[in-house]
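Asks:
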Amino acid sequence: MTPLLAIRNLQAEIGGRKILNGLDLTVNAGEIHAIMGPNGAGKSTLSYVLAGKPGYEITGGEILFKGEDLLEMSPDERAAKGVFLAFQYPLEIPGVATITFLRTALNAQRRKRGEEELSSPDLLKRVREIAKKLGIDPEMLRRPLNVGFSGGEKKRNETLQMALLEPLLCVLDETDSGLDIDALKVVANGVNQLRASDRGMIVITHYQRLLDYIVPDVVHVLSAGRIVRTGDKELALELEATGYAQYQNEAA
Amino acid sequence: MNAEIRPSRTRAELGLVDVYNTSRQGLPGGSETAAVRAAAFNHFVLAGLPHARIESWKYTDLRRLMRDAKPLAARPDETAIERARDAGAVLAGLGFRRLAIVDGSFVPELSDLADLEGGVFVRSMAEALALDEPLLSQGLGPMVPADDPALVLNTALAGDGVVITVSPDVTIERPIHLAFINTSATPAAMVTRSLIVAGRGARAAFIETHEGRDRSDYQVNTALQLVVGDEARIDHVKITREGDAAIHVATLLANIGARASFNQLGFTVGGAVVRNQLFVRLAGEGTVANLRGLSLLADLQHADNTLVVEHAAAGCQSREIFKAVVDDAARAVFQGKITVRQQAQKTDAKMMSRALLLSDEAEADGKPELEIFADDVQCGHGATTGALDEQLKFYLMARGIPARQAEALLVQAFAAEVVEAIEHEGIRDALMDATLGWLGRRG
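Chain order of the listed sequences is A and B. Everything in the first sequence is counted per numbering that gives the first Met the number 0, starting at 0 for the first residue and increasing by one. Everything in the second sequence is counted per numbering that gives the first Met the number 0, starting at 0 for the first residue and increasing by one.
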């Protein structure tokens, strides 16, 4: 069976500096993979390269998404195919109402997939249902995207987008950063509801804490741009106890 | 060497002398008006067209941009009037009271003059000048440089326009739409002058639209004098959608009384060369003025918004925000000057200009100035120029929005800050639609 995501020997640079250095990773549909690692290991770079952020140069390797070459696709094409990156720092866009953004994004994806666009009332209904589950004030939907939102509100908004767009691969970049424990539970709960047999997730985090709430099937340690160890969820607990020092030495 | 140093006359300057000499007999007005015109034209003859070494015209070198002078447009014939039937279509369906000025002449048969509200009077400028009323010179106030080259040419050559008087405490529910349209297929100049006097406590909205044919190199010099009484509430919107070869020079002279409210917006989307100059004097205490501009420019367009706001009385608040979206090799200019007179204590003035450049060849020039003679004031200005934020664009694209649509959404958001400040929903929607239309042109 073709894996949902297959990354082979991926090499990526930014500004001439090598960040990813022979990364291999396979994620099957239905699996949740956690990627942990010290600061500077390349965790965020991996998430940006998956989403197609400009500025990164791929100098080697490949990324296949459902067997297709992901690196050949523009960011919007990747999104329409089902790749979703929940940003560590969601951006603020003054002048664009959240609901307008959601409608534009969903319908752009549907158009690209040759599906019928969703009417405004239908969309609003769906968005409201999701917002309710995530404890998002419907009034927030009328406000400019993320402008003046707290850290927790921004992460909830990312989760709302993910639930609405129903991607096949969710990449969660440091979703726990800037969240207090209550907000973390709400967001994790939202993510867990998206667990599905046809959907894979990559949860990128520095801390084990998030993995108490979003329990992974596989845990990887990323260091100096490649996966240096793979285990089950017990590995996360071990890392919490021992820290990353040994992997940093290994990589060096 | 005792030779007199005179700049050599350009073809356009010589042409303007010809135009004045051949037209002046036919221009409306008695002997007093003729004398005002002659004095104004004399100013022009001495100074010539403005050029880059004149500070207030630094970025809009008319001597270079205006290659020749055009004869004054003839009064519109039946064909022209027929062509002008849809003048100001951008505001169609909003139920405004349209006053049509076709090829520089007021055309009653295209104007809605029925059932004017009591206390509202509308005349053509030509009619008023024929009675030799001193409308070209009265009450201009000290803030207008008497030798401003655009204004002196306007004074010398203005053939028509409208004169509107709103009596004290009269509220006009239906906005008045001054629809200027240029139908001429042959090169021509349209010089119009209008006057609006709003009495104490009057409330009204005036919308100007200026439009014309593409590929017709006509020239427009239009001026509006606005006298706003104490406690009046006046909105003024100017929509400039001239043809793609036109030169459009517009002057707004506004004198605002005490405890009044004045909202002004200039929306510029058409014309090869556009100069909007605004001279706004807050003459009475406690007045609030909002002055805004939005220019959407492409190809080789050049649009200059030059603003002079004079706080001449205490306790007035003014907000100036001017934005430009500049694509291709177009150029946006903003010059803004706030002067606070010594007696204008407790002035609160903030000016902001922002330009969004969509191509490497696009250019924006900004020159904000504050001139403060009072000691207890709050004044500030800011200016930014930049490209679309690539991070924001990536965020939108990462959610499935294609590049062009993501850019359009960001431009729309940039424009919305100016447009959404308009109170009238119909005008707001018309301008947002015009913005979307402009964006649609980019594909």
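In this text, a Cβ means the ideal position worked out from N, Cα and C, and glycines have one as well.
Would you say residue 321(B) faces chain A, with C-beta separation under 7 Å as the test?
Replies: Walking along the second sequence from the start, residue 321(B) turns up at place 322. Output row for residue 321(B): interface = no.
Asks: Residues of the segment 80-102 of chain A in Cβ contact with chain B at a cutoff of 9 Å, in chain order, please.
Replies: So the list reads 82, 83, 84, 86, 89, 90, 91, 92, 93, 94, 95, 99, 100, 101, given in the order they occur along the chain.
Asks: With H, G and I counted as helix, E and B as strand and the rest as coil, what does DSSP make of residue 0(A)?
Replies: Counted from its first residue, the first sequence places residue 0(A) at position 1. Coil.
Asks: Please decide whether residue 184(A) counts as near chain B, where near means a Cβ-Cβ distance under 7 Å.
Replies: The residue given as residue 184(A) occupies position 185 in the first sequence. Residue 184(A) does not count as touching chain B.
Asks: Can you tell me where the beta strand (DSSP E) holding residue 231(A) begins and where it ends?
Replies: In the first sequence, residue 231(A) corresponds to position 232, counting from 1. Premise fails: residue 231(A) is in no beta strand (DSSP E) and is neither H nor E.
Asks: Any C-beta of chain B sitting closer than 7 Å to the C-beta of residue 65(A)?
Replies: Position 66 of the first sequence, counted from the start, is the residue given in the question as residue 65(A). Not one chain B Cβ lies under 7 Å of residue 65(A).
Asks: Below 6 Å CB to CB, which residues in the same chain sit around residue 321(B) once its five sequence neighbours on both sides are set aside?
Replies: Here residue 321(B) refers to the residue found at position 322 when the second sequence is read from its first residue. Closer than 6 Å at the Cβ level, and outside the excluded window around residue 321(B), lie 292, 304, 333, 352.
Asks: Under a three-way DSSP split, which group does residue 427(B) fall into?
Replies: What you label residue 427(B) is simply residue 428 of the second sequence in a count that begins at 1. Note: residue 427(B) maps to helix in three-state DSSP.
Asks: Helix, strand or coil for residue 63(B) per DSSP?
Replies: Working through the second sequence from its first residue, we reach residue 63(B) at position 64. Reduced to three states, the DSSP call for residue 63(B) is helix.
Asks: When DSSP labels each residue in this structure, what does residue 43(B) get in the three-state scheme?
Replies: Sequence index remark: in the second sequence, residue 43(B) carries index 44 (1-based). The answer is helix: DSSP assigns residue 43(B) an H, G or I state.
Asks: Using alpha carbons as the reference points, say which of 437(B), 407(B), 300(B) lies closest to residue 99(A).
Replies: Taking the first residue of the first sequence as 1, we reach residue 99(A) at position 100. Ranking 437(B), 407(B), 300(B) by Cα distance to residue 99(A) puts 407(B) first.
Asks: How would you label residue 409(B), buried or exposed, when you count the other beta carbons within 10 angstroms and need 16 or more for buried?
Replies: The residue you call residue 409(B) lines up with position 410 of the second sequence. Looking at its Cβ environment, which holds 16 or more other Cβ atoms inside 10 Å, residue 409(B) is buried.
Asks: Tell me which same chain residues have a C-beta within less than 7 Å of the C-beta of residue 47(A), skipping the five on either side of it?
Replies: Numbered from its first residue, the first sequence carries residue 47(A) at position 48. Taken in chain order, the residues that qualify are 55.
Asks: Name the two residues that bound the continuous beta strand (DSSP E) containing residue 178(B).
Replies: Residue mapping note: residue 178(B) aligns to position 179 of the second sequence, counting from 1. Here the beta strand (DSSP E) through residue 178(B) covers 175-181.
Asks: Grouping DSSP H, G and I as helix and E and B as strand, with all else coil, what is residue 34(A)?
Replies: To locate residue 34(A), count along the first sequence from 1; it is residue 35. Three-state result, residue 34(A): strand.
Asks: If residue 325(B) and residue 290(B) are in contact, beta carbons under 8 Å, what's the gap, nearest whole angstrom?
Replies: As a working mapping, residue 325(B) is identified with position 326 in the second sequence. As a working mapping, residue 290(B) is identified with position 291 in the second sequence. Incorrect: roughly 20 Å between the Cβ atoms, too far for contact.
Asks: Consult DSSP for residue 385(B) and reduce its assignment to one of helix, strand or coil.
Replies: By 1-based counting over the second sequence, the position of residue 385(B) is 386. Residue 385(B): strand per DSSP, three-state reduction.
Asks: Return no unless some Cβ of chain A is closer than 7 Å to the Cβ of residue 445(B).
Replies: Residue coverage of chain B in this structure runs from 0 to 442, which leaves residue 445(B) outside it and unanswerable.
Asks: Quick one: residues in its chain with C-beta nearer than 7 Å to the C-beta of residue 347(B), no 5 flanking neighbours on either side, listed in chain order?
Replies: Within the second sequence, residue 347(B) is the residue found at index 348, counting from 1. Contacts found: 316, 377.
Asks: For residue 213(B) versus residue 242(B), is the C-beta distance shorter than 7 Å?
Replies: Along the second sequence, read from residue 1 onward, the residue named residue 213(B) stands at position 214. Along the second sequence, read from residue 1 onward, the residue named residue 242(B) stands at position 243. Yes. Within cutoff.
Asks: Would you kindly check if the distance between the Cβ of residue 250(B) and the Cβ of residue 131(B) is under 7 Å?
Replies: The sequence position of residue 131(B) within the second sequence is 132, counting from 1. The sequence position of residue 250(B) within the second sequence is 251, counting from 1. Not a contact, by the Cβ cut-off of 7 Å.
Asks: Run down chain B in chain order and give the residues with a C-beta less than 8 Å from the C-beta of residue 164(A).
Replies: Walking along the first sequence from the start, residue 164(A) turns up at place 165. Result: 398, 399.
Asks: Would residue 180(A) be called buried (16 or more neighbouring beta carbons within 10 Å of its own) or exposed?
Replies: Residue numbering aside, residue 180(A) sits at position 181 when the first sequence is read from its first letter. Exposed: under 16 other Cβ atoms inside 10 Å.
Asks: Excluding the 5 residues preceding and the 5 following residue 247(A) in the sequence, name in chain order all residues of the same chain whose CB lies nearer than 7 Å to its CB.
Replies: Position 248 of the first sequence, counted from the start, is the residue given in the question as residue 247(A). Here the set comprises 37, 222.
Asks: In this structure, how does DSSP classify residue 12(A) when only helix, strand and coil are distinguished?
Replies: Mapped onto the first sequence, residue 12(A) falls at position 13. The answer is strand: DSSP assigns residue 12(A) an E or B state.
Asks: Report the residue from 370(B), 150(B), 134(B), 155(B) whose alpha carbon sits nearest the alpha carbon of residue 309(B).
Replies: By 1-based counting over the second sequence, the position of residue 309(B) is 310. Selected option, being the one with the closest Cα: 370(B).
Asks: Which bits of chain B does residue 78(A) rub up against, with CB to CB less than 9 Å?
Replies: Along the first sequence, read from residue 1 onward, the residue named residue 78(A) stands at position 79. Near residue 78(A) (Cβ distances below 9 Å), the residues of chain B are 396, 397, 398, 399, 400.
Asks: Specify whether the segment 58-73 of chain A and the segment 109-125 of chain A touch according to this definition: at least 3 beta carbon pairs, one from each stretch, less than 8 Å apart.
Replies: The segment 58-73 of chain A, when compared against the segment 109-125 of chain A, does not touch it at the 8 Å Cβ threshold.
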